[in-house]
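Under the UniProt record's numbering, the first residue of the sequence shown is numbered 1, with each subsequent residue one higher.
C-beta: ideal position from N, C-alpha, C; glycine also.
For clarity, every value in this text was computed on a predicted model and none was experimentally measured.
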Amino acid sequence: MLISIDKYGSITLPVSLRRELRLDQESYLELSVEDGKVIVLEPVAVQRNIRLNEKGLTKLEEARKSGTGELPEWLIGDMQNAEADTKQKIC
(Lines of atoms letter the chains of each structure in order from A and count residues from 1; the text may use other names and numbers.)
(Lines give C-alpha, C1' and ligand atoms only; values in the text may rest on other atoms or scores of the structure.)
Protein backbone atom coordinates (compact mmCIF):
# COMPACT_ATOMS: atom_id res chain seq x y z
CA MET A 1 0.00 0.00 0.00
CA LEU A 2 1.60 3.28 -1.10
CA ILE A 3 0.85 6.44 0.86
CA SER A 4 2.51 9.86 0.83
CA ILE A 5 3.61 12.40 3.41
CA ASP A 6 2.14 15.90 2.96
CA LYS A 7 3.97 19.20 3.48
CA TYR A 8 2.97 19.15 7.18
CA GLY A 9 4.48 15.70 7.76
CA SER A 10 1.06 14.02 7.97
CA ILE A 11 0.02 10.76 6.39
CA THR A 12 -3.48 9.59 5.52
CA LEU A 13 -4.46 5.99 6.13
CA PRO A 14 -6.79 4.67 3.42
CA VAL A 15 -10.41 4.23 4.49
CA SER A 16 -10.27 0.48 3.79
CA LEU A 17 -7.43 0.10 6.31
CA ARG A 18 -9.16 2.33 8.89
CA ARG A 19 -12.32 0.25 8.59
CA GLU A 20 -10.43 -3.04 8.82
CA LEU A 21 -8.65 -1.87 12.00
CA ARG A 22 -11.75 -0.08 13.35
CA LEU A 23 -9.94 3.27 13.56
CA ASP A 24 -11.81 6.56 13.59
CA GLN A 25 -10.89 10.23 13.98
CA GLU A 26 -10.45 9.81 17.74
CA SER A 27 -8.16 6.79 17.52
CA TYR A 28 -4.56 6.85 18.70
CA LEU A 29 -1.59 5.05 17.20
CA GLU A 30 1.76 4.30 18.84
CA LEU A 31 4.63 4.81 16.39
CA SER A 32 7.89 2.90 16.72
CA VAL A 33 10.88 2.31 14.45
CA GLU A 34 12.40 -1.16 14.21
CA ASP A 35 15.87 -1.92 12.83
CA GLY A 36 16.29 1.79 12.12
CA LYS A 37 14.04 1.74 9.07
CA VAL A 38 10.75 -0.10 9.65
CA ILE A 39 7.92 2.16 10.87
CA VAL A 40 5.32 0.36 12.97
CA LEU A 41 1.96 1.92 13.87
CA GLU A 42 0.02 0.11 16.59
CA PRO A 43 -3.51 1.09 17.73
CA VAL A 44 -3.63 2.00 21.43
CA ALA A 45 -6.38 2.93 23.87
CA VAL A 46 -5.75 6.17 25.74
CA GLN A 47 -7.36 6.54 29.15
CA ARG A 48 -8.24 10.05 30.25
CA ASN A 49 -6.90 11.35 33.52
CA ILE A 50 -8.43 14.16 35.49
CA ARG A 51 -6.34 16.29 37.82
CA LEU A 52 -7.99 18.63 40.27
CA ASN A 53 -6.55 21.24 42.58
CA GLU A 54 -7.69 21.48 46.20
CA LYS A 55 -10.67 23.70 45.29
CA GLY A 56 -11.76 21.26 42.57
CA LEU A 57 -11.46 18.30 44.91
CA THR A 58 -13.60 20.09 47.49
CA LYS A 59 -16.29 20.82 44.88
CA LEU A 60 -16.21 17.22 43.70
CA GLU A 61 -16.64 15.95 47.26
CA GLU A 62 -19.56 18.35 47.83
CA ALA A 63 -21.23 17.20 44.60
CA ARG A 64 -20.81 13.56 45.59
CA LYS A 65 -22.40 14.18 48.99
CA SER A 66 -25.31 16.19 47.56
CA GLY A 67 -26.09 13.67 44.85
CA THR A 68 -27.12 16.53 42.55
CA GLY A 69 -23.90 17.07 40.61
CA GLU A 70 -23.88 16.40 36.88
CA LEU A 71 -21.13 14.57 35.05
CA PRO A 72 -19.53 16.12 31.94
CA GLU A 73 -21.01 14.92 28.63
CA TRP A 74 -17.71 13.34 27.48
CA LEU A 75 -17.55 11.26 30.67
CA ILE A 76 -21.15 10.12 30.32
CA GLY A 77 -20.40 9.09 26.72
CA ASP A 78 -17.25 7.24 27.74
CA MET A 79 -19.14 5.41 30.49
CA GLN A 80 -21.95 4.41 28.11
CA ASN A 81 -19.46 3.14 25.53
CA ALA A 82 -17.14 1.43 28.01
CA GLU A 83 -16.25 -2.16 27.27
CA ALA A 84 -13.36 -4.51 27.90
CA ASP A 85 -10.82 -4.43 25.10
CA THR A 86 -8.05 -6.96 25.40
CA LYS A 87 -6.82 -6.43 21.84
CA GLN A 88 -5.52 -2.87 22.21
CA LYS A 89 -2.44 -1.73 24.06
CA ILE A 90 -3.30 0.62 26.93
CA CYS A 91 -1.08 3.61 27.62
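Reduced DSSP category for residue i - H, G, I as helix; E, B as strand; rest coil
{"i": "residue 92", "result": "A query on residue 92 cannot be resolved here, the shown segment of the chain reaching from 1 to 91 and no further."}
{"i": "GLU30", "result": "strand"}
{"i": "GLU42", "result": "strand"}
{"i": "ILE5", "result": "strand"}
{"i": "SER10", "result": "coil"}
{"i": "GLU20", "result": "helix"}
{"i": "LEU57", "result": "helix"}
{"i": "LEU71", "result": "coil"}
{"i": "ARG51", "result": "coil"}
Alpha carbon of residue i to alpha carbon of residue j, nearest angstrom
{"i": "ASP6", "j": "ASN53", "result": "41 Å"}
Are the segment 40-55 and the segment 18-31 in contact at 8 Å, needing three or more beta carbon pairs? The segment 40-55, when compared against the segment 18-31, does touch it at the 8 Å Cβ threshold.
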